[in-house]
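Numbering of the sequence shown is given in the numbering used here, commencing with residue 123 and proceeding in unit increments.
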Amino acid sequence: MAAMKTHKEKLGEMLLRLQLIRPEDLAAALEEQQKSRRLLGAVLVEKGLVSSARIAELLKLQRSSEAVTLSLLDPAPATVKLIPERLAKRFLALAFDKGDGNELKVAMAEPSDIIAVDTIRSITGFEIHPVRARAEEILTAIQKYYYGFSSGTEASVEVPEVEFAGGHEEEAETSEIKFQANDPPVIKYVNMLFVQVIENRASDIHLEPMEKSISCRFRIDGVLRPGTPPATGMYPGVVSRIKIISKLDIAERRKPQDGRCEIKVGEKLLDLRISIFPTVFGEKVVIRVLDRSSLILNLEELGMEGSQMDAFKNALKKPHGIILITGPTGAGKTTTLYAGLAYTNNPDKNIITLEDPVEYRLEGINQTQVRPEIGLTFATYLRHVLRQDPDVIMVGEIRDLETAEIAIRAALTGHLVLSTVHTNDSVSTITRLMDMGIQPYLLPPSLNLVIAQRLVRRLCPECKQPGPPSSLLGPGVQCYQARGCPFCNQTGYWGRIGIYEVLEITPEIRELIIKGGNPDLLKSLARKQGMKGLLPGGLGKVSQGITSLEEVLGMMED
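In structure tokens:
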């Protein structure tokens, strides 16, 4: 085994890593230290930045602090697996050296985590010598030693069974490609991708060929995070395997392809939407993962405030009219539509949806997939749907004048219509419909409610910490910021929640729309009537400790 590379972490580095002080505070303290020639800890205590007890605690930790570069080590697999895989991932810990005595050296992202050290000690029976290592290196080492993916060799641990529905392996035309796709390491790697999706709560998998390497990333809570890529030589087989399970042509590598399939990982049933796209270095794969068990169908869980929720429920109870959800791609519009449909769904209602694609299957609701490539568009299906005696119609998106006109006609003839439009806020939706060609006089009698929304990440409940005050929140309001811990994979966030702007179409709003719907006047009137904008709604979530100020401000920049 290569020699261990160690270094002592400086006090200032520890304080910054633990986010106990800001970089500018450290810089000022170091400048004062040079002038007064006193210890840095004494300067920090004098300035009131850190307590003397905390400095003493950190100095004690510093004296025994070592750091290791895991890429320089080659621990024995038996030593690594002294720590069970679930604990290794939970605590970001990797056993790498078992000496002759009863001491086990363990690389940890947080060697000062007493609970983690005690748990590992009780499980292994060894005295634990914690050594600091970077979280990214530990995650990579866990994938290597527990799953065996670093060199493309077959993993030495059992991967949970993954069942595929609708594959057609026997139809593969190219025997060499089929052979690569059925190579055991390839099968195990693809299966582990889906296992990791569940463990990390990921919504998408991105596999991207580069000039000399392969990139693997997972979208978690809306942000792309690095994963473990396959070996470069394995990648063609991985792409072929994904094509086979999603009924795509494995011999075609020049054209984009789209497919889908269902898989079962343990007790989890997942729907996959696969997109294959050719690039100069090979085929890029994006897999959208739809977990049926994670779909929010309860309005109360969306994150709307009381008055916003009441307005939404009242609009859903009306027998006719249009409810529009607006926002950018990935803002959670489909989830809001499904939750609204679930609220209205009962045996005395005939509910029909037109979707592109059908993302989740809802019990008791007639769902239809539009097929624009053969002329079956939203507008085409919508004409026929009206002959099916529906009470509620959901149209995935209003994209053009024809669809908008038919939806309005349906609303005016006694149907409740739910749909989405791509705009930045609720008032812009009215302007957008007029830009499509809808006459202003048609909107007031048909439009009931417009909801603009965004998604922000929730702060991790295990590690969120108080942040600096902000003038945006007002005096005396405590806000929190992300830190990062093993529970949230060092991201500082866990899950997402919606921020909403709900525009009720009141008589005064209707009158203003008929006059031409000036956006500034509409927005001013709506706010006078109590409409809360996206930014105030986000700041409310910050003041409640649900999300961070950085998340909300980033939402407004999108």
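No residue lacks a Cβ here, since even glycine has one placed at the ideal position from N, Cα and C.
How close, in whole Å, do the beta carbons of residue i and residue j come, if the pair is a contact with beta carbons under 8 Å?
i, j, result
"R554", "T545", "5 Å"
"E232", "E249", "Rounded, the Cβ-Cβ distance is 18 Å, inconsistent with contact."
"K440", "N322", "With 8 Å as the limit, K440 and N322 do not qualify as a contact, their Cβ atoms being about 41 Å apart."
"A151", "K132", "At roughly 12 Å, the Cβ-Cβ gap does not stay under 8 Å, so A151 and K132 are not in contact."
"R363", "I309", "7 Å"
"L581", "I635", "With 8 Å as the limit, L581 and I635 do not qualify as a contact, their Cβ atoms being about 39 Å apart."
"V202", "S325", "Between S325 and V202 the Cβ distance is about 31 Å, and since that is not below 8 Å, they are no contact."
"A115", "A189", "Residue 115 cannot be examined here, being either before or after the span of the chain that is shown, 123 to 680."
"L438", "G462", "6 Å"
"L214", "A257", "5 Å"
Return the chain-ordered list of same chain residues with a C-beta closer than 8 Å to the C-beta of residue i, the five sequence neighbours on each side being excluded.
i, result
"G639", "I552, T553, M556, P562 and L565"
"L504", "L476, I515, V517, T525, I528, A529 and A532"
"Q491", "E477, D478, P479 and V480"
"G652", "S429"
"Y267", "P197, P199, V202, K203 and L216"
"T296", "Residue placement at T296 is flagged as unreliable, the pLDDT there being 46, under the threshold of 50; a coordinate-derived value is accordingly withheld."
"I496", "none"
For residue i, count neighbouring C-beta atoms within 10 Å of its own C-beta (all shown protein chains included) and say buried if the count is 16 or more, exposed if not.
i, result
"P199", "exposed"
"G596", "exposed"
"T613", "buried"
"I520", "buried"
"V402", "exposed"
"I237", "exposed"
"D393", "buried"
"Q575", "buried"
"L137", "buried"
"A373", "exposed"
"V239", "buried"
"K637", "exposed"
"V253", "buried"
"L261", "buried"
"S550", "buried"
Return the CA-CA distance between residue i and residue j, expressed in angstroms with no decimal places.
i, j, result
"T451", "I342", "16 Å"
"H537", "L594", "43 Å"
"Y465", "L421", "7 Å"
"A149", "I177", "17 Å"
"V599", "I473", "45 Å"
"V578", "W616", "10 Å"
"E207", "G443", "54 Å"
"L419", "L540", "15 Å"
"S193", "E259", "7 Å"
"M677", "D219", "45 Å"
"P351", "V408", "14 Å"
"Y460", "L329", "30 Å"
"P658", "K471", "37 Å"
"D305", "M314", "14 Å"
"I143", "C607", "18 Å"
"I205", "T241", "10 Å"
"E154", "I621", "44 Å"
"R212", "C585", "14 Å"
"I619", "A164", "43 Å"
"P469", "S234", "57 Å"
"S368", "P145", "50 Å"
"G660", "T499", "36 Å"
"R159", "A229", "35 Å"
"G344", "A453", "9 Å"
"P307", "G655", "51 Å"
"K650", "S568", "23 Å"
"I627", "L643", "14 Å"
Just to confirm my understanding: we take residue i, look at its own chain, exclude 5 residues before and 5 after, and list those with CB closer than 6 Å. What are they?
i, result
"S548", "V572, A574, E623 and L625"
"G404", "P331"
"L417", "Y482"
"G559", "L523"
"G134", "L148"
"E485", "none"
"H251", "E225 and K227"
"S174", "V167"
"R347", "F340"
Whose C-beta lies closer than 7 Å to the C-beta of residue i among residues of the same chain, with five residues either side of it excluded?
i, result
"V664", "L595, C601, S670, L671 and V674"
"L391", "E384 and R414"
"L647", "E630, I631 and L634"
"G449", "K455, A574, Q575 and R576"
"Q141", "Q587 and R605"
"L508", "A532"
Less than 7 Å between CB atoms is the rule here; does residue i satisfy it with respect to chain B?
i, result
"K406", "Of the protein chains in the structure, only one exists, and it is not chain B."
Any chance the CB of residue i is under 6 Å from a heavy atom of the ligand COA?
i, result
"S362", "The model on display carries no ligand, and the ligand COA is accordingly not part of it."
Indicate whether the contact test is met: 3 or more Cβ pairs, each with one atom in the region 346 to 359 and one in the region 394 to 401, closer than 8 Å. no
Evaluate the contact criterion for the region 430 to 437 versus the region 325 to 339: three or more CB pairs, one atom per stretch, below 8 Å. no
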